[in-house]
Every structure is written in C-alpha cells, then in structure tokens.
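Going letter by letter, the sequence shown gives residues 155 to 411 in the numbering used here.
Built from N, CA and C at the ideal position, the CB exists for glycine as well.
Quantities reported herein were computed from a predicted structural model and do not represent experimental measurements.
See below for the structure under consideration.
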Amino acid sequence: MNKRKFLIAGNWKMNGGPLEAAELLEGIKNSKKEISEEVDVLVCPPFVSLGMAVNYLYDSEVQVGAQNFYYEENGAFTGEISATMLAESGCNFVLVGHSERRQYFAETDETVNKKVVKALSEKLAPVICIGETLEQRKENIHFDLVSDQITAALKGITSNDALDTVVAYEPVWAIGTGETATPEQAQEMHKFIRQELEKIYDEETASAIRILYGGSMKPGNAKELLSQDDVDGGLIGGASLSAESFTEIISIAEELS
Ligand code: PEP
C-alpha cells in the first residue's frame, strides 16, 4: 500500500520553559544530525518557548507547532493567544482538542470546530485530537464517539482544506498511563476514522489525510504501531521529553518509510 509520509510529533504539554526547551532541542539536534525527507518531524513546546524553538530550528527540518490557541482574531481575551500570533511566530501546526484540554479546560466539539476553521484560515495545520475514555470503550460506544468527534471537528471544512489537517487518534486511557492500544486496536480505529473521512469527503481525500496514533508511544512499541496500514505517525507526549527516545522513534519511522 502507498502509505502517507509519517509525521512524528512531540507534545511537550506543560514542560519546557525556554531554558529546558533549548536543552531538549539541542539534544534532538545532537542525537539526530539528519532527518530523512521521508519523515516530517514536529515539536510542540509551551507558548513561551515557541519563539526560541523557531529561532533555534531555523536551519533544521524539525517544524514547530503550538498546543492550543483561542479562535477569536484579537481583543479583550486576557491570557489568550490567537492563531494569527502563532503563524506570525513561525508555527505551522497547532494541536486542537487534546483530551487534556477537553477534560480540564472545557474544550468541546464546537470549540474544536471553531479552532479548526480558524487555524486553517491562518495556514496553520490543525492536529485534531480525538479518542474515547476507558468507560466509553467498555460501554462499546467508542466508534460512535470518535465518529461524532471527527464529524463535528470538520463541520464546514472543504475537502481541499481537509487535506491540510491531521487527525490524531488518542485513546484517553492510553495517554500518559503507560498503557498502549495494541497495534490491532489502533489499526481498527484508524481504519474506521479513514472510513468516516471517506463518508464526509471522498476516497482520495480520506486516503491522503494523515492519522497519527497517540497514547504512550515509545521506542519499544513504535515499530509495531507505525507498521499498521492506517497509522501515519505518532503524537508523542512523555517520550518526546527525552531527546534519545524521541529521535529513536524518528529513526524507526525512517526505517519504515
Ligand atoms: C499526548 O499527550 O498526546 C500523549 C500521547 O501523551 P503520552 O505519549 O505521554 O501518552
């Protein structure tokens, strides 16, 4: 099968102020002198480290993304950051609807959709995070839930714009828990998501959109997960905070490309 180009993305969460971030980026540069053109690599540091990361990585293939933004253009929204500001800062990706934002910061399918629309209008590629909790899986409503999430996130988005989006399937029960979906569970859901994308758009669009797996991906399980037909990369939390393990996952993706 003609697989899509892998995207290996690090979500640093609330880790890595400018000093720590510089050390981590230096570690990545040192342990991975060259990155194959076959693999896209992205780091998503906290807001305060974005400028530094963009400057530090200006001559590198590693791209920089943010973890969140607010969908309004500007104005009286104390504490918020707009998509325009992120684009101006040199970001080209942004995470949208991460489960931690849904859980702790009242992110809903509706706000996720507003953010997807806004990100695309600013030429930021939204990484749309979806996935079920353990309870939802036990209740066997995980497919319906994921279908609702992706359909809502892409409401009003044309197929042309959808090509600039990335989907990240992140079963909530596997995030930061050390639990990983089995390669079969991941493939089953990724295939389902691709079928949903085909229903919303068409086969060509669905087969071009990258679907990342996220949930305790690490060097020890990356090969099996990335080998699945519909797994086009990883959104990596914990393991992206170590230059060694993050670059090891990049190397695994290169080998599979
Ligand atoms: C994440 O934060 O998106 C994630 C997948 O975290 P972890 O790899 O630590 O499970």
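- Task: Using a threshold of 8 Å, state whether the C-beta atoms of A335 and G251 are closer than that.
- Result: No, the pair does not count as a contact, with Cβ atoms beyond the cut-off.
inquiry  = Just list the residues that DSSP pairs V193 with in beta bridges.
reply    = BP columns for V193 point to F160.
Please state the DSSP three-state secondary structure of V202. DSSP places V202 in helix when its eight states are reduced to three.
Is M168 near ligand 1, with its Cβ less than 7 Å from a heavy atom? No.
* Residue of E261, E254, M168, Y210 minimising C-alpha distance to S243 -> The shortest C-alpha separation from S243 is found at Y210.
*Indicate, with yes or no, if ligand 1 has a heavy atom lying under 7 Å from the CB of H252.*
Short note on H252: C-beta closer than 7 Å to some heavy atom of ligand 1.
What is the C-beta distance between A362 and R348, in whole angstroms, given that I count them as a contact (C-beta under 8 Å)? Going by Cβ atoms, the distance from A362 to R348 rounds to 10 Å, so no, they are not a contact pair.
- 8 Å contact criterion, which L278 and L249 should meet: CB distance rounded: Contact flag wrong, Cβ pair sits at about 10 Å.
Can you list, in chain order, the residues of its chain with a C-beta nearer than 6 Å to that of N375? Leave out the 5 residues immediately preceding and following it.
Listed in chain order, the non-local C-beta contacts of N375 below 6 Å within the same chain comprise T334, local neighbours out to five positions each way being set aside.
**OP:** Could you say which of V218, A407, A207 lies nearest to E177 if we only look at CA atoms?
**Re:** That would be A207, whose Cα lies nearest to the Cα of E177.
Range covered by the beta strand (DSSP E) that runs through I390: From DSSP, the beta strand (DSSP E) with I390 extends over 387-390.
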